[in-house]
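In what follows, a single structure is set out as structure tokens and then discussed.
There are 2 protein chains.
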Amino acid sequence: MPAHLVPLAVSTLPESCSQCSLGELCLPVGLSNNELSQLDQLVTVRRRVLRGQHLYRGDDPFEAIYAIKTGFFKTDVLLEDGREQVTGFQMAGEILGLDGIGTEKHTCNAVALEDSEVCVIPFHDLENYSREIGALQHHFHKVMSREIVRDHGVMMLLGIMRAEERLAAFLLNLSQRSMARGYSATEFNLRMTRNEIGSYLGLKLETVSRAFSRFQDEGLIAVNQKHIQILNVAGLKKLLSERRT
Amino acid sequence: MPAHLVPLAVSTLPESCSQCSLGELCLPVGLSNNELSQLDQLVTVRRRVLRGQHLYRGDDPFEAIYAIKTGFFKTDVLLEDGREQVTGFQMAGEILGLDGIGTEKHTCNAVALEDSEVCVIPFHDLENYSREIGALQHHFHKVMSREIVRDHGVMMLLGIMRAEERLAAFLLNLSQRSMARGYSATEFNLRMTRNEIGSYLGLKLETVSRAFSRFQDEGLIAVNQKHIQILNVAGLKKLLSERRT
DNA sequence: GAGCAGGTTTGATCTGCGTCAACATGGCAA
DNA sequence: TTGCCATGTTGACGCAGATCAAACCTGCTC
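Order-wise, the sequence lines are chains A and B.
Take the position in the first sequence, starting the count at 1, then add 37; the result is the number in our numbering.
Take the position in the second sequence, starting the count at 1, then add 37; the result is the number in our numbering.
Right, dumping it as structure tokens:
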């Protein structure tokens, strides 16, 4: 087993799926109490991943998917020449590792951007359980499908939006997900660098920085390092809907 | 039922999954003969879609996924202001409609680029069958996962490649899929316009056209309208691996 | 076969973002 | 405290690809 795959910290769950506060944001959506306690048998291991460490790397054998319990991740793909494409940022309740099912190897890297904890869901077991629990099966399919739809959204960002539109969409997306987790929709800390934002949005870090400055000048947001405050949600949304050429 | 959803031509399958020549390219991968005949019960309806017609549209209720029997499709997403992002081109054996599972509505448009025929796979039935047939369940998960990985590839195209790299990657991809279907790897007809290629690659049609011309000047390909002949596969691949800035 | 429409090619020019470079800032270690 | 290093900001300039424009194919219809 490659060194980076050895669980850095493994613990029998002190808290099970049935008691997890993430509830509706994670896998157990729509399960009965009875079914939930079955899920507790499926998910028995958590893994701690410190900031900067990999949860998995491209080419690692695929064995499990991961539900983020706490923390924040990025996934990326590297080209031989060193160019990096960040394919997504993931927060609590979101599922990592779906890319590995098709080839039985992971096809991207998952890196913790802050100290994090994930629930390990052995994939073979998940398939077994989901043959018995229709609601689990169906919800898992929804999770995969939403990942596809999310990717389409990123393609739109990259394919047809200009720099400021991309950044506005990015901020609004973070805002919305922050709110869904019970945090402020208008104030949050970025976990990623300008470079990583740029890589995600298909821009250079200088362009990201300039766009932040311009948004601030226009009173749309207040930026202080990684701290972002959205001052004018409508203004950001307007950036998205109106094409000025 | 919206007019465009009414099946344009529905026929009981003259040829079942168990007899379909697509075999390993489509859903029935890895099924036993016994399981294959169960699949025949799942997939009993085909639908004909003429060139230019929609198989489904964004916002249509999601009921089924579709396996392409013959033909060629594009999927795209439209922004309110009319901008279009083509999210993919699909050929025989590939599965359409996975985007709809998560929200129970389709989230993109699927348009036939030539007269086509698809096998209708009612999604609820698929979930039922795949609870009984483990190999079907697993293969379906692989199909979804590969779609996610494919999308990551498109993000790389759009995020970090330059125009000529994008087009080279596009041509090599078409070549490889053409070969997988038993056709020539070096000679094929494009089913889409320059504009659609551009939309997929995040470029304008003029840029696509110029890149084609340059490839032709350099002896990499021969272009005649929609007919493409790849003269130098290695040369195209080299374009991808070497970054010259 | 004239005329038309949709698609394509090619040239000239423009521009948004990349590139390069200098400097600022903040966290951390010694 | 001091200095260092990673990260971020800002300015000047250049270029890949967009935009604008004109002409050209190919297959239709009438």
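Note that the Cβ used here is the ideal one computed from N, Cα and C, for glycine as well.
Predicted model, so just to flag it, every value in this text is computed and none were measured.
In terms of residues, what are the limits of the beta strand (DSSP E) holding D113(B)?
Unbroken beta strand (DSSP E) run through D113(B): 101-115.
Touch check for the segment 66-75 of chain B and the segment 107-118 of chain B: three-plus C-beta pairs under 8 Å?
In short, these stretches do not touch, since the Cβ pair count stays below three.
Measuring only between beta-carbons, confirm whether Q90(B) sits less than 9 Å from chain A.
Not an interface residue.
Using a C-beta to C-beta distance shorter than 9 Å, which residues of chain B count as neighbours of I197(A)?
Per Cβ cutoff of 9 Å: L116, R120, E121, Q122, S236, G239.
Could you name the residues of chain B that E184(A) contacts, counting a contact when the two beta carbons are closer than 7 Å?
Per Cβ cutoff of 7 Å: I185.
Output needed for Q253(A): all residues of its chain with C-beta closer than 6 Å, excluding positions within five of it in sequence on either side, in chain order.
Contacts found: V260.
Taking C-beta pairs closer than 7 Å, name the residues in chain A that V191(B) reaches, listed in chain order.
Chain A residues near V191(B): M192.
By the criterion of Cβ-Cβ separation under 7 Å, what are the contact partners of G67(B) in chain A?
None at all; the shortest Cβ gap to chain A is about 13 Å.
With hydrogens ignored, establish whether the beta-carbon of Q213(A) is closer than 8 Å to any heavy atom of the ligand ADP.
As presented, the structure is devoid of all ligands, the ligand ADP included, so that no description of it is given.
At a CB-CB cut-off below 8 Å, which residues of chain B make contact with C136(A)?
Here residue 136(A) is Asp; the residue named in the question, Cys, does not match the sequence. Result: S182, I185, V186, H189.
Please say whether Y237(A) and V123(A) have beta carbons closer to each other than 9 Å?
Cβ distance < 9 Å, so V123(A) and Y237(A) count as in contact.
Apart from the five residues on each side of it in sequence, which residues of its chain come closer than 6 Å, Cβ to Cβ, to L209(B)?
Counting only Cβ-Cβ distances below 6 Å, and skipping sequence neighbours, we find L273.
Taking A149(B) and L92(B) to be in contact with their CB atoms under 8 Å, please state how far apart those CB atoms are, rounded to whole angstroms.
A149(B) to L92(B), Cβ: 7 Å. Contact.
Beta carbon of L204(A), beta carbon of V245(A): below 9 Å?
Yes, they are a contact pair.
Kindly give me the distance between the Cβ atoms of I105(B) and V155(B), rounded to whole angstroms, as I take these residues to be in contact under 8 Å.
Confirmed, about 5 Å.
Hey, quick one: how far does the alpha helix (DSSP H) through E243(A) stretch, first residue to last?
Looking at the DSSP string, the run of the alpha helix (DSSP H) that includes E243(A) is 242-254.
Please work out which residues of its chain come closer than 6 Å, Cβ to Cβ, to A147(B), disregarding the five sequence neighbours upstream and downstream, and give them in chain order.
Within the same chain, A147(B) has close Cβ partners L92, Y93, F110, T112, L133.
Please decide whether R214(B) counts as near chain A, where near means a Cβ-Cβ distance under 9 Å.
False, the Cβ-Cβ gap to chain A never drops below 9 Å.
Judging by CA-CA distance, which residue of Q56(B), S153(B), M193(B), V86(B) is the nearest neighbour of E117(A)?
Measuring from the Cα of E117(A), the nearest candidate turns out to be M193(B).
I'd like to know if T144(B) contacts chain A, where contact means its C-beta is closer than 9 Å to some C-beta of that chain.
So yes, T144(B) belongs to the interface.
Going by other Cβ atoms of all chains shown within 10 Å of its Cβ, with 16 needed for buried, is L163(B) buried or exposed?
With 16 or more other Cβ atoms within 10 Å, it is buried.
Could you give the residue range of the beta strand (DSSP E) that holds V180(B)?
Run containing V180(B): none in the beta strand (DSSP E); it sits in the alpha helix (DSSP H), 171-197.
To be precise: take each residue of the segment 243-258 of chain A, compare its Cβ to all Cβ atoms of chain B, and keep it if any distance is under 9 Å. Which residues remain?
Going along the segment 243-258 of chain A in chain order, one finds no residue with a Cβ nearer than 9 Å to chain B.
Taking 9 Å as the CB-CB limit, is L79(A) close to chain B?
Not closer than 9 Å to any Cβ of chain B, the Cβ of L79(A) fails to qualify, so no.
Grab me the residues of R228(A)'s own chain with a C-beta within less than 6 Å of its C-beta, minus the 5 sequence neighbours each way, in chain order.
Same-chain partners within the cutoff: F109, L150, E151.
Measuring only the C-alpha atoms, how far is L64(B) from L64(A)?
About 26 Å.
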